[in-house]
Amino acid sequence: MADVAAAPPRAQQNWSIGWGDAGPFLALAALVAIGYLVNPDFLSANNIANVVTRSAFIGIIAIGATFVISSGGLDLSVGSMAAFITGVMILFMNTVAPNVGTAAIPLGMAVALVTGIACGLLNGTIVTVGRIEPFIATLGTMGIFRALITYMTDGGTVAIDRSLREAYRPVYFGDVLGVPIPILVSLGVALVAAYVLYRTRYGRRCVAVGANEDVARYSGISVTRVRITAYVIQGACVAIAAICYVPRLGAATPTTGLLWELQVITAVVIGGTALRGGRGRIWGTVAGAVILEFIANLMVLSDVVSEYLVAAVQGVIIIIAMLIQRMSKR
Amino acid sequence: MLRNSLIAAGLTTALLAAGPASAAEKKIIAVSIPAADHGWTAGVVYHANAAAKEINKAFPGIEVVVKTSPSASAQVSAIEDMSATRKMDALVILPHSSEELTTPVKTIKEKGAFITVVDRGLNDPSIQDLYVAGDNIAVGFNTAKFLVDKLGGKGNLVVLRGIPTVIDDERIKGFQDGIKGSDLKILDIQYANWNSDEAFKLMQDYLAKYPQIDAVWANDDDMLLGVLEAIKQSGRKDIKFALGGNGMKEIIEKVKAGDAMTPVETPYPPSMIKTAIYLTAAHFAGHAPVRGSLKLDAPLITKDNAEEYYFPDSPF
Numbered sequence: 001m002a003d004v005a006a007a008p009p010r011a012q013q014n015w016s017i018g019w020g021d022a023g024p025f026l027a028l029a030a031l032v033a034i035g036y037l038v039n040p041d042f043l044s045a046n047n048i049a050n051v052v053t054r055s056a057f058i059g060i061i062a063i064g065a066t067f068v069i070s071s072g073g074l075d076l077s078v079g080s081m082a083a084f085i086t087g088v089m090i091l092f093m094n095t096v097a098p099n100v101g102t103a104a105i106p107l108g109m110a111v112a113l114v115t116g117i118a119c120g121l122l123n124g125t126i127v128t129v130g131r132i133e134p135f136i137a138t139l140g141t142m143g144i145f146r147a148l149i150t151y152m153t154d155g156g157t158v159a160i161d162r163s164l165r166e167a168y169r170p171v172y173f174g175d176v177l178g179v180p181i182p183i184l185v186s187l188g189v190a191l192v193a194a195y196v197l198y199r200t201r202y203g204r205r206c207v208a209v210g211a212n213e214d215v216a217r218y219s220g221i222s223v224t225r226v227r228i229t230a231y232v233i234q235g236a237c238v239a240i241a242a243i244c245y246v247p248r249l250g251a252a253t254p255t256t257g258l259l260w261e262l263q264v265i266t267a268v269v270i271g272g273t274a275l276r277g278g279r280g281r282i283w284g285t286v287a288g289a290v291i292l293e294f295i296a297n298l299m300v301l302s303d304v305v306s307e308y309l310v311a312a313v314q315g316v317i318i319i320i321a322m323l324i325q326r327m328s329k330r
Numbered sequence: 001m002l003r004n005s006l007i008a009a010g011l012t013t014a015l016l017a018a019g020p021a022s023a024a025e026k027k028i029i030a031v032s033i034p035a036a037d038h039g040w041t042a043g044v045v046y047h048a049n050a051a052a053k054e055i056n057k058a059f060p061g062i063e064v065v066v067k068t069s070p071s072a073s074a075q076v077s078a079i080e081d082m083s084a085t086r087k088m089d090a091l092v093i094l095p096h097s098s099e100e101l102t103t104p105v106k107t108i109k110e111k112g113a114f115i116t117v118v119d120r121g122l123n124d125p126s127i128q129d130l131y132v133a134g135d136n137i138a139v140g141f142n143t144a145k146f147l148v149d150k151l152g153g154k155g156n157l158v159v160l161r162g163i164p165t166v167i168d169d170e171r172i173k174g175f176q177d178g179i180k181g182s183d184l185k186i187l188d189i190q191y192a193n194w195n196s197d198e199a200f201k202l203m204q205d206y207l208a209k210y211p212q213i214d215a216v217w218a219n220d221d222d223m224l225l226g227v228l229e230a231i232k233q234s235g236r237k238d239i240k241f242a243l244g245g246n247g248m249k250e251i252i253e254k255v256k257a258g259d260a261m262t263p264v265e266t267p268y269p270p271s272m273i274k275t276a277i278y279l280t281a282a283h284f285a286g287h288a289p290v291r292g293s294l295k296l297d298a299p300l301i302t303k304d305n306a307e308e309y310y311f312p313d314s315p316f
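Chains as they are written, first to last, in the UniProt record's numbering: chain A, 1 to 330; chain B, 1 to 316.
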C-alpha cells in the first residue's frame, strides 16, 4: 500500500523538474514570437543587442538575489545600494584620477567591489545577528543608502571625470566579437553562480536553509553563516552591476537605481525561484531579467498601446508569463 | 513612501531641535520646500539656501529659515511645527502638492503671516499674497517654435514625457500648440519619468523603431542626458536637434559652447525660489508693494544670454 501511494508522486516530481525549469524560457520564446509579429524590427540584431545589454544590470543583481531569496531572505536595498556604490566609485575615481590617470578605473572597480561586499555584510549581519525580519532590515538600509547617495550628490548629479569618460566607455558600449561586454559579464556571473548554487556544498546548504531553517540547523548547518554569505554574494553582484553601469551615463544621481529592487524580485520569481525560499534557478533568473526588458521594449515598438496604459499592459504580460511558467510545470 | 517617512522622522527631530528664534524683534521668513531628491529640487534647495544667506547678511532685521521636506505630509508637519514653535511673519512655500497643503497654509495665513506661493499654486488662490512661477506652457511652446523654424516647418519628431502631472501636461500642450499648422509630425510620445536611465532606454527603442528622426524633445534635461548618450551610441546621423528644458548647468554649458545638436535651452529655473524670497524680503525691508503674481518667462536660452542662466556652483 505504502509503496503504491509513494510511487506516483515521485514520478510526477521527476517529470515536473524538467518542465518547471523550461517555463521561463517558454515564456521568453512566446514573447519573442509576439514581438516579431508586432514589429519585425524587434528581431533586428541592433534591437536585440540593446535590450539584452540593458537587462544585464537587473540580471546581474537578480543573480545575487537568487541566492538571498532561495535561502529564505529578501533584499529591498539593492536599488539604493547600486546608486550608493556608483556614487562612491565615481567620487573615488575623480579624486585619484589627477594622480594616477586611467589607472583610476581598475582602482575604482576594486573600491566598488569592496563597498558592495561591505554593504552585503551589513545587511546580512543585521538580518542574522540582529534577528530582524529581512523585509524591515533591508527597508532600513534601503533608506540609508538612498539618503547617502542624495547627500553625496547634494541632490544633483556627480559625473565621472572627463579624462576617464572615454577610457571607461567601452565597458558598457564595447564588444568582443560582436557581443556587448555587459552581456559577457552577466554570462560570466551566471556561470559562476550556477556552479556555486548547483554544484557546491554552499549552494545546497543555501537552498536547505531556505526550505526549512530548523531542519537545516539540526543537521549542523550554520544558518547565520549561510545567510550572511548570501547577502555578501548579493552585495558583490550589485557592485559588478554598478561597475558596468557607470560608463552608460557616466553619472550617479539620487534617482539612479530607483525601484530596481522590484524589477529584481520580479525577475527572480518569473525565473522559477520560490519567493518563500528553498528553490533557486540561476538561468531562470537571467531569462526573467531579459523577459522584463523585452516587455518594456515591446511597449515602445508597438503602436497599439496608449502611453497612459503601458504599465497596465506590462502588468498583464508579467502575470501571463507567470501563468505560462506555472502551467508548464504540470 | 516608506523611505520618505524615515527621512521625515529625522527632519522633524531636527526641526524641533532648532528651537525658538534668537532675536524676538526680527522678522522671520520661513521657507518650506521639497527635499532635494532629483536635479531640479536640488537646485531649489541650493538657491533657497543661497538667498537665505544673502538676505540674512544684507538685512539684519530679517531672518530667513529654510526647511526641506521629503513629502507632502512631511511638509504639512514641518510648517505646523514651525508656526507652533516660533513667530512666523512670512511663509514662502513651494508645495509638494496643491491639495494637501491648501488647508495648512490657510491656517498659517489666518495667524497673520504673509504668504508667498512658488511654482505649484494652492487650490484657493485667495490665500496667497504673492505668487511666483515659471511658464510651463512657454517651455513647450518656445521649443516647438524653434524646431518649426530650424527644420523649415517639416520633419519627424519623437517626444519624451516626464511623470504624469500638470507640469508635464502643460509642457506637452505648449509643444503641441507650437507645432500646430506646420508639417512637423510627432511620431511617438511616451513617458520616461524625468529619469536619465529610462530616457536612455526609450531613446534606444525610438531609434530602433524609426529609421528617420529629425529632432527629439525630452521636456527635461535629466532625460536629455540619457537621450544624447543613446544617440551617440547608435551613430545615427539623421537627428539634427535634441532639446531638453529646465536649465541644467551641463546643458547650459553645451549651449554656451555652441553645440550643434543642443544649441538652445528653455528655462524653468529652480532659482525662482530665490526671486520669491527676495520679493518677500522686500515687503518687510524695503516697504515695497509686492502683492500680486509674477510669471517668469521661458525665453529661449542661446549662446548670447546663457550666462544669465548659468550657475556653476549649483548641483543642477
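Glycine residues also receive a C-beta, built at the ideal position from the N, C-alpha and C atoms.
Residues bridged to residue i [DSSP beta-bridge criterion]
i: I33(B); result: T68(B)
i: W217(B); result: V159(B), L243(B)
i: L294(B); result: V132(B)
i: A137(A); result: In the DSSP output, where bridge partners are listed per residue, A137(A) has none listed.
i: D175(A); result: P180(A)
i: P267(B); result: N246(B)
i: G300(A); result: Note on residue identity: the sequence assigns Val, not Gly, to residue 300(A). Answer is none; V300(A) lacks a bridge partner.
i: V158(A); result: A252(A)
i: K27(B); result: I62(B)
i: I301(B); result: E265(B)
i: K154(B); result: D183(B)
Span of the alpha helix (DSSP H) around residue i
i: Q325(A); result: 310 to 327
i: D188(B); result: Element bounds for D188(B): not the alpha helix (DSSP H) but the beta strand (DSSP E), 183 to 191.
i: Y206(B); result: 196 to 209
i: M93(A); result: 78 to 100
i: T165(B); result: Careful: T165(B) lies outside any alpha helix (DSSP H) and carries neither H nor E.
i: R54(A); result: 45 to 70
i: A257(B); result: Neither: A257(B) is in no alpha helix (DSSP H) and is coded neither H nor E.
i: E110(B); result: 98 to 110
i: L122(B); result: No alpha helix (DSSP H) holds L122(B); DSSP gives it neither H nor E.
i: V129(A); result: From DSSP, V129(A) is part of no alpha helix (DSSP H); its letter is neither H nor E.
i: K87(B); result: Run containing K87(B): none; DSSP gives neither H nor E here.
i: Y278(B); result: 272 to 281
Which listed residue (the options) has its alpha carbon closest to that of residue i
i: M82(B); options: Q128(B), I28(B), S126(B); result: I28(B)
i: V264(B); options: V166(B), F146(B), T107(B); result: F146(B)
i: A242(A); options: L31(A), G87(A), M322(A); result: G87(A)
i: F311(B); options: E250(B), T68(B), G61(B); result: E250(B)
i: F114(B); options: I93(B), I179(B), P164(B); result: I93(B)
i: T256(A); options: A72(B), M223(B), P269(B), P267(B); result: M223(B)
i: I127(B); options: A72(B), K111(B), D135(B); result: K111(B)
i: G145(A); options: F294(A), T115(A), D214(A); result: For clarity, residue 145(A) is Phe in the given sequence; the question names Gly instead. Closest by alpha carbon: T115(A).
i: P247(A); options: G124(A), R227(A), I324(A), I90(A); result: I90(A)
i: L157(B); options: D149(B), I189(B), I167(B); result: I189(B)
i: V264(A); options: Y36(A), F57(A), I34(A), V51(A); result: F57(A)
i: T143(B); options: P315(B), N305(B), L300(B), E307(B); result: L300(B)
i: S59(B); options: E80(B), V65(B), A285(B), E307(B); result: The sequence as given places Phe at residue 59(B); Ser does not occur at that position. Of the listed residues, the one whose Cα sits closest to F59(B) is A285(B).
i: D205(B); options: W194(B), L187(B), D220(B), D221(B); result: L187(B)
i: G277(A); options: G203(A), A251(A), P24(A), T125(A); result: G203(A)
i: T266(A); options: L187(A), D154(A), I319(A), A312(A); result: I319(A)
Range of the contiguous beta strand (DSSP E) that encloses residue i
i: T116(B); result: 114 to 118
i: V207(A); result: Per DSSP, V207(A) belongs to no beta strand (DSSP E); it is in the alpha helix (DSSP H), 201 to 211.
i: V92(B); result: 90 to 93
Distance between beta carbons of residue j and residue i, contact taken as under 8 Å
i: T285(A); j: A62(A); result: 5 Å
i: A218(B); j: L243(B); result: 7 Å
i: K254(B); j: T266(B); result: Their Cβ separation, rounded to whole angstroms, is 14 Å, which puts K254(B) and T266(B) out of contact at 8 Å.
i: Y168(A); j: I105(A); result: 5 Å
i: I282(A); j: A27(A); result: Between A27(A) and I282(A) the Cβ distance is about 17 Å, and since that is not below 8 Å, they are no contact.
i: A230(A); j: G73(A); result: 6 Å
i: G280(A); j: F67(A); result: 7 Å
i: I55(B); j: A281(B); result: 5 Å
i: K209(B); j: D41(A); result: 6 Å
i: A72(B); j: H38(B); result: At roughly 16 Å, the Cβ-Cβ gap does not stay under 8 Å, so A72(B) and H38(B) are not in contact.
i: R217(A); j: V226(A); result: About 10 Å; that fails the 8 Å criterion.
i: A36(B); j: T68(B); result: 7 Å
i: P315(B); j: T153(A); result: 7 Å
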